[in-house]
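Chemist: In order, the protein sequences belong to chains X and C. Per this note's numbering, the first sequence runs over residues 1 to 253. Per this note's numbering, the second sequence runs over residues 254 to 481. We treat Cβ as the ideally placed atom computed from N, Cα and C, and that holds for glycine.
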Amino acid sequence: MPPTSESDVLIIRNLKKRFGEKTVLEGVSFSVRRGETKVIIGPSGAGKSTLLRCINRLVEPDEGEIIFDGINVLSKDVDIRKIRARIGFVFQHFNLFKHLTALENVKIGPKVVKGLSDEEAERIAVKALKAVHLEEDAFEKYPAELSGGQQQRVAIARALAMEPDIILFDEPTSALDPQLAGEVLDVMRELAKKKVTMLVVTHEIGFALNAADEVLFFYNGKIWERGEPRELLYNPKREETRGFLRRIADLSL
Amino acid sequence: MIGTAVSLDVAMRMLLEGAKMTVILSVLSIILGLLVGLPVAIMETYGGKVLRYIAMVYEGILRGIPLLAIYMVIFFSIPLLTGIGLPAFWAAVIGLGIRSSAYQSQIFRSTIQAVGEGQIEAAYSLGMSKLETLRYVVLPQAIRMAVPAWMNEYVIVLKDTSIALAIGIVELTRQAQYLVSITGEPFRYYGLAAFLYLIMVLPLTYLAGVLAKKYGIKGTGGASNVRI
Ligand SMILES: Nc1ncnc2c1ncn2[C@@H]1O[C@H](COP(=O)(O)OP(=O)(O)OP(=O)(O)O)[C@@H](O)[C@H]1O
Ligand SMILES: [Mg+2]
Numbered sequence: 001m002p003p004t005s006e007s008d009v010l011i012i013r014n015l016k017k018r019f020g021e022k023t024v025l026e027g028v029s030f031s032v033r034r035g036e037t038k039v040i041i042g043p044s045g046a047g048k049s050t051l052l053r054c055i056n057r058l059v060e061p062d063e064g065e066i067i068f069d070g071i072n073v074l075s076k077d078v079d080i081r082k083i084r085a086r087i088g089f090v091f092q093h094f095n096l097f098k099h100l101t102a103l104e105n106v107k108i109g110p111k112v113v114k115g116l117s118d119e120e121a122e123r124i125a126v127k128a129l130k131a132v133h134l135e136e137d138a139f140e141k142y143p144a145e146l147s148g149g150q151q152q153r154v155a156i157a158r159a160l161a162m163e164p165d166i167i168l169f170d171e172p173t174s175a176l177d178p179q180l181a182g183e184v185l186d187v188m189r190e191l192a193k194k195k196v197t198m199l200v201v202t203h204e205i206g207f208a209l210n211a212a213d214e215v216l217f218f219y220n221g222k223i224w225e226r227g228e229p230r231e232l233l234y235n236p237k238r239e240e241t242r243g244f245l246r247r248i249a250d251l252s253l
Numbered sequence: 254m255i256g257t258a259v260s261l262d263v264a265m266r267m268l269l270e271g272a273k274m275t276v277i278l279s280v281l282s283i284i285l286g287l288l289v290g291l292p293v294a295i296m297e298t299y300g301g302k303v304l305r306y307i308a309m310v311y312e313g314i315l316r317g318i319p320l321l322a323i324y325m326v327i328f329f330s331i332p333l334l335t336g337i338g339l340p341a342f343w344a345a346v347i348g349l350g351i352r353s354s355a356y357q358s359q360i361f362r363s364t365i366q367a368v369g370e371g372q373i374e375a376a377y378s379l380g381m382s383k384l385e386t387l388r389y390v391v392l393p394q395a396i397r398m399a400v401p402a403w404m405n406e407y408v409i410v411l412k413d414t415s416i417a418l419a420i421g422i423v424e425l426t427r428q429a430q431y432l433v434s435i436t437g438e439p440f441r442y443y444g445l446a447a448f449l450y451l452i453m454v455l456p457l458t459y460l461a462g463v464l465a466k467k468y469g470i471k472g473t474g475g476a477s478n479v480r481i
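#1: Let me know if X/Arg247 comes out buried or exposed under the rule of 16 or more other beta-carbons within 10 Å of its beta-carbon.
#2: Which partner residues does X/Arg33 have in the DSSP bridge list?
#3: Can you tell me whether X/Lys23 is helix, strand or coil according to DSSP?
#4: Compare the C-beta of C/Glu212 with all C-beta atoms of chain X and state if any pair is closer than 9 Å.
#5: Taking Cβ-Cβ distances below 9 Å as the criterion, which residues of the region 288 to 311 of chain C are in contact with chain X?
#6: Are there 16 or more other CB atoms within 10 angstroms of the CB of X/Tyr234, so buried, or fewer, so exposed?
#7: Return the Cβ separation of X/Ala181 and X/Ala138 in integer angstroms, given the expectation that the two are a contact with Cβ distance under 8 Å.
#8: Which residues in chain X have a C-beta closer than 7 Å to the C-beta of C/Ser382? List them in chain order.
#9: On a Cα-Cα basis, can you pick out the residue from C/Gly371, C/Ala395, C/Asp413 and C/Ala446 that is closest to C/Ala488?
#10: On the three-state DSSP scale, how would you describe C/Gly474?
#11: Between the Cα of X/Asp69 and the Cα atoms of X/Val28, X/Val184, X/Pro164 and X/Gly27, which residue gives the shortest distance?
#12: Just checking: is the beta-carbon of C/Pro401 within a distance shorter than 9 Å of some beta-carbon in chain X?
#13: Which bits of chain C does X/Ile108 rub up against, with CB to CB less than 7 Å?
#14: X/Lys130: buried (16+ other C-beta within 10 angstroms of its C-beta) or exposed?
#15: Could you check whether the Cβ of C/Val479 sits closer than 9 Å to any Cβ belonging to chain X?
#16: Within 8 Å: the Cβ of X/Asp170 and any heavy atom of ligand 1?
#17: How about C/Tyr356: is its C-beta nearer than 9 Å to some C-beta of chain X?
#18: Below 9 Å between beta carbons: does that hold for X/Lys16 and X/Met198?
#19: Here's a check: name, in chain order, each residue in its chain whose Cβ is nearer than 6 Å to the Cβ of X/Ile124, leaving out the five neighbours to either side.
#20: X/Pro61: beta carbon under 8 Å from a heavy atom of ligand 1?
#21: Within 9 Å (strictly less), CB to CB, does C/Gly313 reach chain B?
#22: Between the alpha carbons of X/Trp224 and X/Ser49, how many angstroms are there, rounded?
#23: Please tell me whether C/Ile416 has its Cβ less than 9 Å away from any Cβ of chain X.
#24: Ligand 1 and X/Leu51: does the residue's C-beta get closer than 8 Å to at least one heavy atom of that ligand?
#25: Per DSSP, X/Lys16 is paired with what?
#26: Given that X/Met162 touches chain C, what residues does it touch there, using C-beta distances under 9 Å?
#27: I'd like to know if C/Gly371 contacts chain X, where contact means its C-beta is closer than 9 Å to some C-beta of that chain.
#28: Is the beta carbon of X/Ser44 within less than 8 Å of some heavy atom of ligand 2?
#29: Under 8 Å by Cβ, that's how I've got C/Glu249 and X/Asn105 pegged, so tell me the actual separation to the nearest angstrom.
#30: Give me the subset of the region 90 to 122 of chain X whose CB atoms are less than 7 Å from a CB atom of chain C, sorted by chain position.
#31: What did DSSP end up calling C/Asp262 once you bin it into helix, strand or coil?
#32: What residue ranges within the region 387 to 451 of chain C form continuous alpha helix (DSSP H) runs of no fewer than 4 residues, ordered along the chain?
#33: Beta-carbon within less than 6 Å of X/Arg84's beta-carbon, same chain only, minus the 5 sequence neighbours each way: which residues are those?
#34: So which residues of chain X does C/Arg397 contact, with C-beta pairs closer than 8 Å?
#35: Within the present structure, is the beta-carbon of X/Gln152 separated from the nearest heavy atom of ligand 2 by less than 8 Å?
#36: Taking the straight line between their C-alpha atoms, what separation do you get for X/Lys127 and X/Ala121?
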């Protein structure tokens, strides 16, 4: 069991999840400190998305413990909505609300979930949109009128506007072409610098190298190998890690 | 009496009187259908097993019975069974309205189900409850997607008001029938009535396009017409 400390925002112990016959998470344990950026890499089907979705209980895990800011997330008495309001989630396909403008997408959380006034929600939303460098003329546009990079930045602003304790990212750039991915990664790097706590599933090795405090390599529902980014990415110990890194290096060449 | 001449002026006034009833009847019916149909659709998609079953049975029965039979039940049978009479006008509104509710619930059910899982997960991830998600994310999208099919349903309701003549409502077709019976000129008066129906329906078809553009969600296709 990993040591716990005051500064751990998120502690995951022995998390297990099966879908029918298929075991997707086979006892995963790690923790995320406040202000830390942790990156998860691993092949398709390794269980990375399932892990993130268990953390805010979009998926119910079968076994294990999730402690968020000292609260047992899996306890029956917990109001999961209160927890979710404090955990940002950024999706691969952005999932912006299609019927709302960029600004309204960011306002809706503070307004509906936190019950803030319209002016207060707007103030927070504008601040969040500026933090992700959304162009001002895009504030009133609908998601379908924005580029993928803009959409993902709005999605990040939507998470930021809730002032979460941690933001979970599930392959935030893999639906974007490299240039648009770049503008999203720049924003995420800035957040990392500002010590926003992040748990990021990504295949962007560059981001892992210069923004992550630790990298976890997921394989077959387990943390197969973990370490400081340079160590794990340049000098992996295990064969599967090497194979995976070789494959994504091939893809990006 | 057959063969009596009626001036075009008088005939038009009678037909327009009938058309007015047709419009009033159709507007009240479509609204009643909406007020009942939308909750039924929500029951079918969000309700527990029992609610879902009740809604399905409701929808199935009303879609399975001809409108004329629904009118007969409401106008003739219910007063016989309960002793409570219902003015023909309200019997017509209720009959047409609840029949439409069964079709409207089908329209809204399909657009509620068409709201992407990702939209719902995003709402839950912000901490919204099921009800808040329905109110702020699912319904606004589902209702906009429903606009084309809903306009189509309105056109159907408008045309089906003619069946209300069977319980004595004097609407457009009934007025034409009367004119034909006194003049013996079916081609002329049924033709005029048909023309008036077209005049009412064609702008609606155009309006449907405009509304779909205005209220449709940018970048999202509308609901396909679920009933021809
Ligand atoms: N709701 C579900 N029902 C059944 N099986 C599921 C469900 N969600 C995920 N799985 C399965 O669990 C396994 C792990 O899925 P998961 O999405 O967590 O992998 P991943 O590591 O995120 O992969 P990717 O890189 O492709 O996103 C896959 O085999 C997937 O098919
Ligand atoms: Mg995934």
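Modeler: On the basis of the data shown:
#1: Within the first sequence, the letter at position 247 stands for residue 247 of chain X. Burial call: exposed.
#2: The residue labelled residue 33 of chain X in the question sits at position 33 within the first sequence. Beta-bridge pairing links X/Arg33 to X/Asp8.
#3: As a working note, residue 23 of chain X is residue 23 in the first sequence. Looking at the sequence provided, one finds Thr at residue 23 of chain X rather than Lys. X/Thr23: strand per DSSP, three-state reduction.
#4: In the structure displayed, chain C extends from 254 to 481; residue 212 of chain C sits before or after that span and is not available.
#5: none
#6: The residue you call residue 234 of chain X lines up with position 234 of the first sequence. Its Cβ having fewer than 16 others within 10 Å, X/Tyr234 is exposed.
#7: As a position in the first sequence, residue 181 of chain X is number 181, starting the count at 1. As a position in the first sequence, residue 138 of chain X is number 138, starting the count at 1. 18 Å between Cβ atoms; not a contact.
#8: The residue labelled residue 382 of chain C in the question sits at position 129 within the second sequence. By Cβ distance, chain X contributes Arg81.
#9: It is not possible to answer for residue 488 of chain C, since the shown part of chain C is limited to 254 through 481.
#10: Within the second sequence, residue 474 of chain C is the residue found at index 221, counting from 1. With a pLDDT of 46 at C/Gly474, under the threshold of 50, the modelled position of this residue cannot be trusted; read the value that follows with caution. In this structure, C/Gly474 counts as coil in the three-state DSSP scheme.
#11: Indexing the first sequence from 1 puts residue 69 of chain X at position 69. Checked all of X/Val28, X/Val184, X/Pro164 and X/Gly27; the closest Cα to X/Asp69 is X/Pro164.
#12: Reading the second sequence from its first residue, position 148 is the one you call residue 401 of chain C. False, the Cβ-Cβ gap to chain X never drops below 9 Å.
#13: Locating residue 108 of chain X in the first sequence gives position 108, counting from the first residue. Within chain C, the residues near X/Ile108 are Tyr389.
#14: Residue mapping note: residue 130 of chain X aligns to position 130 of the first sequence, counting from 1. Flag for X/Lys130 reads exposed.
#15: For the purposes of this step, residue 479 of chain C is taken as residue 226 along the second sequence, with counting starting at 1. Legend: pLDDT at C/Val479 = 33, less than 50; position of this residue unreliable, no value from coordinates given.
#16: Position 170 of the first sequence, counted from the start, is the residue given in the question as residue 170 of chain X. Distances between the C-beta of X/Asp170 and the heavy atoms of ligand 1 include at least one below 8 Å.
#17: Counted from its first residue, the second sequence places residue 356 of chain C at position 103. Not closer than 9 Å to any Cβ of chain X, the Cβ of C/Tyr356 fails to qualify, so no.
#18: Translated into the one-based positions of the first sequence, residue 16 of chain X becomes position 16. Translated into the one-based positions of the first sequence, residue 198 of chain X becomes position 198. The answer is no: Cβ separation not under 9 Å.
#19: By 1-based counting over the first sequence, the position of residue 124 of chain X is 124. Excluding residues within five positions, the ones whose Cβ falls inside 6 Å are Pro110 and Ala161.
#20: Along the first sequence, one-based indexing puts residue 61 of chain X at 61. It does not: the Cβ of X/Pro61 is nowhere closer than 8 Å to a heavy atom of ligand 1.
#21: Looking at the structure shown, chain B is missing, and the protein chains on hand are X and C.
#22: Position 224 of the first sequence, counted from the start, is the residue given in the question as residue 224 of chain X. Position 49 of the first sequence, counted from the start, is the residue given in the question as residue 49 of chain X. When rounded, the distance between both Cα atoms is 16 Å.
#23: By 1-based counting over the second sequence, the position of residue 416 of chain C is 163. Using beta-carbon distances, C/Ile416 does not count as an interface residue toward chain X, since no partner is under 9 Å.
#24: Position 51 of the first sequence holds residue 51 of chain X. Yes, Cβ of X/Leu51 sits closer than 8 Å to a heavy atom of ligand 1.
#25: The count along the first sequence starts at 1 and reaches residue 16 of chain X at position 16. In DSSP, X/Lys16 forms a bridge with X/Glu26 and X/Glu63.
#26: Sequence index remark: in the first sequence, residue 162 of chain X carries index 162 (1-based). Going along chain C in sequence order, the residues near X/Met162 (Cβ under 9 Å) are Leu379 and Gly380.
#27: As a position in the second sequence, residue 371 of chain C is number 118, starting the count at 1. True, the Cβ-Cβ gap to chain X drops below 9 Å.
#28: Walking along the first sequence from the start, residue 44 of chain X turns up at place 44. It does: the Cβ of X/Ser44 is within 8 Å (strictly closer) of some heavy atom of ligand 2.
#29: As displayed, chain C neither begins before 254 nor continues past 481, which places residue 249 of chain C out of reach and without an answer.
#30: Phe91, His93, Asn95, Phe97, Lys98, His99, Ile108, Gly109, Val112 and Val113
#31: Sequence index remark: in the second sequence, residue 262 of chain C carries index 9 (1-based). Here C/Asp262 sits in helix by DSSP.
#32: 392 to 413 and 425 to 436
#33: Taking the first sequence and counting its residues from 1, the one referred to as residue 84 of chain X is at position 84. Excluding sequence positions up to five before and after X/Arg84, its CB lies within less than 6 Å of the CB of Asn56, all in the same chain and listed in chain order.
#34: Residue 397 of chain C sits at position 144 when you count from the first residue of the second sequence. The contacting residues are His99.
#35: Taking the first sequence and counting its residues from 1, the one referred to as residue 152 of chain X is at position 152. No - ligand 2 has no heavy atom lying nearer than 8 Å to the Cβ of X/Gln152.
#36: Reading the first sequence from its first residue, position 127 is the one you call residue 127 of chain X. Reading the first sequence from its first residue, position 121 is the one you call residue 121 of chain X. Approximately 10 Å, taken between the alpha carbons.
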